[in-house]
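S.K.:
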């Protein structure tokens, strides 16, 4: 449920990068970027939206808001490079034997105003997010917490009551937007957090200027100043970087990356496995209530071709499972490859020869329409026909949740447990594939109450095996997240987008 | 007396055509010579030659001697004044070209042309026609010219303005300025000119003192020219016919201003109703109400007792055909890019229902002296008079019950005007004639309605209204016209 | 009618127009699929969350009620608050107006004298090489979509040659005027053609008019005739075109703002429509409608000054 809305407006510009004009430079990695150096101002260009830009970290929705929140605030936990929760403001966490009470010990950290981060601030921040009259993004993730029965044990210890046994509780603490703000804060015009940067100034829709927080608990950032600027168009971000107006351009297209990879004006940083690209088949209605037909679809996809043509090579093939490279990912399941003959056989067996299936897609997320078109082409000659229907991008997600039988899908990074909880249980809110199996639900309950990590991992693998064999998601690829930076910028991580190290500017330096 | 203007053997040639051929005349200070003749007689070419100008492609030879400065009074002062400039600014620019104090120069010129100083703050459109005429005269007088050339100074003016113009010119001549008058208005010639030069196709037909030439013409051409000049002659009474067209309490507005108040006029079948009045009296608005071109009025327009819809768009095809309109500016009423014949025969197709519209149009055009070679040209290839006749034919092809003619004779030379009047007189349909030329009215009208400030101030049989006018405006319009027919020299 | 009464009537009419525009905009945004809640919820949203957001935003109330409330607020000068960020709409308008005004004003300052000079030059040399060059260049510029022109200019002058900043990202427009150069060139390129063509045509007509011929006969000098007599007549039709261009500029030229990253009204509009942030969209509609009414009124009054006769008759 993470934001992956690329601004679709003027999408053409993306393709019109200036390969012919600037592609003549030579690839010469700058050595300045290899050793950390203190000081300087880094300007980072993000897509944004004047209307949505607010500095309230609980309202954060767009990438730019997430990156700014991360610079100004901390969460109790955040997702590591393997998309598993790792401690942040929480120094450690300990569940009781029932897994329903969690004791969190806070780190010695201070807010920018000099006040320490206390248990009270944590409870107040969570109470704000859980306010029944508001609709903050982290609310559904935190809903598991029984706040009335949670308490501050002392200044640096919180004890959370959890509504059901839940061993993955740290994932909740790492939820998108679950930032800790000083108790009672409602005015965010001059935000005070505990993050690596302090607030200096804000011009909505244009820029936010932050400065180094020398007292940061994890060590002061290298940069003196950090400025976030807004450029909605991908071409504008690339141009600003090429023109030396910014040092960091977030979210570039594979085409831009390809044309500048060899140049000396822009260093391309790729974060693999940042977003999954898929087609979703609905299991509760014809024709994909037929298992053979689903398998035929799995076998029809030419994944390397999809990655090459849709992601311009900036990605990896998928094996119909979410979370490649993440904790608990079932990498022991053999990779599926195209098998036209078997697919034809299965289609015949399912009695679906000559059938035409509508594939709903839209420009709501990057690459979806292109993937649908390429896939429709790959299906030709199998006895099945896929007809691509491009729908309205604004209501696409709610439309495809209810209607149709086959649709395009794209999702950002999250723990595999979260993916299952949100999309694959009988009661999940966004169960696009209508995968509803009591035995699978039971496995999930078993997993989240299994303390032993190895045994828990085994349960996750079992769940993934059944999804791989019979599930509705045809996950054909994982897209790289592409960031452009000036050649002298060092310390940019390749962790998937939306994890802790993504857009983490306290670790970045100007060489 | 030594002549200030001396023209000898003037010749102007363009390509193979000779525009002016051997024109000679001389003029002393305080004297007026009038160059008269129909359109294309060479008047304007001669006038321009005096200014040292000629149209592109025209070569001029002969001798033109002018002692002192020469000033020019243009035709249609409304077009000659820059609409976006206040008068004062332009006067200062002109004065700056002459030696002496600007303010004195301007004041003198204004006084001589009898232009009130207050007008300097105004824009041209804020002046009456007579004031505009005096302003261009004043402009020509800045710097005290020895000679003035006035081009058709009375064309298109109502009788009262026309009389004023004659007065102005006469008073300037009295101040010792020599005047060359280019005109086809013989009333004006009689009123101010000492000498007349009659031109025809660029040659001098006759020249001499005004009285001699106009009263005892020696050539047939001059005689025809004089005879064609309309006179106000009180027509004989005709029996009243049943009303064909009638307006009842027509009150019309232009935005916030009421331009017609309770106008009741009526005209019988085959009769001619003349609507007369000064410029701005509401004549044209009344005509437009009748024709369905001005829907914003209260009251009724009845045709044979049945009310006509106010707007053209609501009128049936038969009702459209029944009332036809001929505009003052014939050229503007034609599409510049299609031949005249096409446009004329189109009416025959749409409203006349003719079997062979082209043949019928050609026949009717030929009857008014427009041959096929002429009418198959675009409007630009026809003269104003020719276009006006074509416009008349176009209207008549619809076989109208009522024909509305809006100032269709103004701006035409006397011979052309006379032939057009003959054609109108021969019509059998009802005619509503909008005019400020009482001589024309007297020639054609059975009934006359006099409009003043949007009200009918007099309405009745032509003989009665013209013979014994009761309203001061009628007397004014009539008096000035009558005056113009008499000898009245400065 | 006096210019003052004319202006008063036009302003009254303008008020009705603004209300009509706002109503139509409201209906159109209502008719768009999705609402602010859907837009805010992002990708793969949980329908329960959308419903929750809808309730917090008050979007569950009848549209008519929301619209009525907004109109009543407007009557008191209250534009309401953004559905999405909760910031007052006035702040959005204030933030966006600055960059847009700077761009529009500078574009006009360049455009008007330049197009008049080009138009006059072409008219005085009608049919000659200067005329042909001016015509070819302006028509050529007109035929390039501003988007394409912007992309090419950025590629050449911003990225390749590095003479000028390729975008205005994060810049203070007035503090760093260099960032304005490329956007201004793009903004001026197209209207330059229409306005200079109108000036040229008007100038040619005016130079051939009776009053200019008359002025020549009165002995007035060539320069004065060209600039004091013919030019004012030639400007009247161009003024209307300048007004239309001003509307276009103040409407926030969306493409230019997007490509050059100028956070003006156009950018705010695109964002607000994408986010279905109705109060902001409506606030912008009011601003655009009021600008259009005022700009055209000013143009008419100016045209009245330039061509007193035509307006007096109308």
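Protein chains in written order, with the working numbering: chain W, -10 to 500; chain G, 50 to 539; chain E, 196 to 509. All C-beta atoms in this analysis are idealised placements derived from N, C-alpha and C, irrespective of residue type, glycine included. Predicted model only: the values in this text are computed from it and were never measured.
(1) Can you check DSSP and say which residues form a bridge with residue 498 of chain W?
(2) Quick one: Cα of residue 377 of chain W to Cα of residue 348 of chain W, how far?
(3) So, is the C-beta of residue 476 of chain E closer than 7 Å to a C-beta in chain W?
(4) Taking Cβ positions only, does residue 195 of chain W come closer than 7 Å to chain E?
(5) Can you tell me whether residue 319 of chain G is helix, strand or coil according to DSSP?
(6) Just curious, the beta strand (DSSP E) that residue 470 of chain W is in, first and last residue?
(7) Is the beta carbon of residue 351 of chain W less than 7 Å from the beta carbon of residue 391 of chain W?
(8) Can you tell me whether residue 456 of chain G is helix, strand or coil according to DSSP?
(9) Quick one: Cα of residue 106 of chain G to Cα of residue 62 of chain G, how far?
(10) Just to confirm my understanding: we take residue 274 of chain E, look at its own chain, exclude 5 residues before and 5 after, and list those with CB closer than 6 Å. What are they?
(11) Hey, how far is the Cα of residue 210 of chain E from the Cα of residue 271 of chain E?
(12) If contacts are defined as beta-carbon pairs under 8 Å, then residue 502 of chain W and residue 396 of chain W qualify, I think. What distance do you get, rounded to the angstrom?
(13) Scan the region 451 to 470 of chain E for residues whose Cβ lies nearer than 8 Å to a Cβ of chain W and list them as they occur along the chain.
(14) Could you tell me which of W:179, W:67 and W:88 sits nearest to residue 161 of chain W, measuring between CA atoms?
(15) Can you list, in chain order, the residues of its chain whose CB lies under 7 Å from that of residue 81 of chain G, leaving out five sequence neighbours each side?
(16) Just to confirm, are residue 60 of chain W and residue 230 of chain W a CB contact at a threshold of 7 Å?
(17) Could you please give the first and the last residue of the uninterrupted alpha helix (DSSP H) stretch that includes residue 270 of chain W?
(18) Check whether the region 453 to 462 of chain W touches the region 157 to 172 of chain W, taking contact to mean three or more Cβ pairs, one atom from each stretch, closer than 8 Å.
(19) Going straight from the alpha carbon of residue 517 of chain E to that of residue 223 of chain E, what length do you get?
(20) Residues in the same chain with beta-carbon distance under 7 Å from residue 286 of chain W, minus the five sequence neighbours each way, listed in chain order, please.
(21) Any beta carbon from chain E within less than 7 Å of residue 416 of chain W's own beta carbon?
(22) Please tell me whether residue -7 of chain W has its Cβ less than 7 Å away from any Cβ of chain E.
(23) Which first and last residues belong to the alpha helix (DSSP H) in which residue 499 of chain E is found?
(24) Chain E partners of residue 10 of chain G, CB-CB under 8 Å?
(25) I'd like to know whether the C-beta atoms of residue 368 of chain W and residue 288 of chain W end up nearer to each other than 7 Å.
(26) With contact counted as at least three CB pairs below 8 Å, one residue from each stretch, are the region 177 to 194 of chain W and the region 320 to 340 of chain E in contact?
(27) Is the Cβ-Cβ distance between residue 165 of chain W and residue 197 of chain W less than 7 Å?
(28) At the level of alpha carbons, what is the spacing between residue 556 of chain G and residue 212 of chain E?
(29) Just to confirm the assignment, what range does the beta strand (DSSP E) spanning residue 509 of chain G have?
(30) Do you know offhand how far residue 66 of chain G's Cα is from residue 92 of chain G's?
(31) Could you pull out every residue in the same chain whose Cβ sits closer than 6 Å to the Cβ of residue 210 of chain G, ignoring the five residues on either side in sequence?
(32) To the nearest angstrom, how far is it from the Cα of residue 249 of chain G to the Cα of residue 89 of chain G?
(33) 7 Å is my cut-off, CB to CB: does residue 428 of chain E come that close to chain G?
(34) Return the chain-ordered ranges of every alpha helix (DSSP H) run that is complete within the region 243 to 296 of chain E and spans a minimum of 4 residues.
(35) Under three-state DSSP, which class holds residue 335 of chain W?
(36) Which residues, in chain order, does the region 386 to 399 of chain E contribute to contact with chain G at a C-beta distance below 9 Å?
M.R.: According to the data block:
(1) W:479
(2) 5 Å
(3) no
(4) yes
(5) coil
(6) 462 to 474
(7) no
(8) coil
(9) 8 Å
(10) 284, 285 and 478
(11) 14 Å
(12) Summary: the structure shown does not reach residue 502 of chain W, with chain W confined to residues -10 through 500, and so no result is reported for it.
(13) 453, 454, 455, 456, 458, 462, 463, 465, 466, 467, 469 and 470
(14) W:67
(15) 222, 228, 230, 241, 242 and 243
(16) no
(17) Per DSSP, residue 270 of chain W belongs to no alpha helix (DSSP H); it is in the beta strand (DSSP E), 256 to 270.
(18) no
(19) What is shown of chain E runs 196 to 509, which leaves residue 517 of chain E out entirely.
(20) 270 and 463
(21) no
(22) In this predicted model, residue -7 of chain W has a pLDDT of only 39, less than 50, meaning its place in the structure is not dependable enough to derive any value.
(23) 473 to 501
(24) Chain G is shown only over 50 to 539; residue 10 of chain G falls outside these bounds and no answer can be derived.
(25) no
(26) no
(27) no
(28) Examination of residue 556 of chain G is not possible in this model, given that chain G is present from 50 through 539 alone.
(29) 504 to 510
(30) 15 Å
(31) 178 and 179
(32) 8 Å
(33) yes
(34) 258 to 270
(35) helix
(36) none
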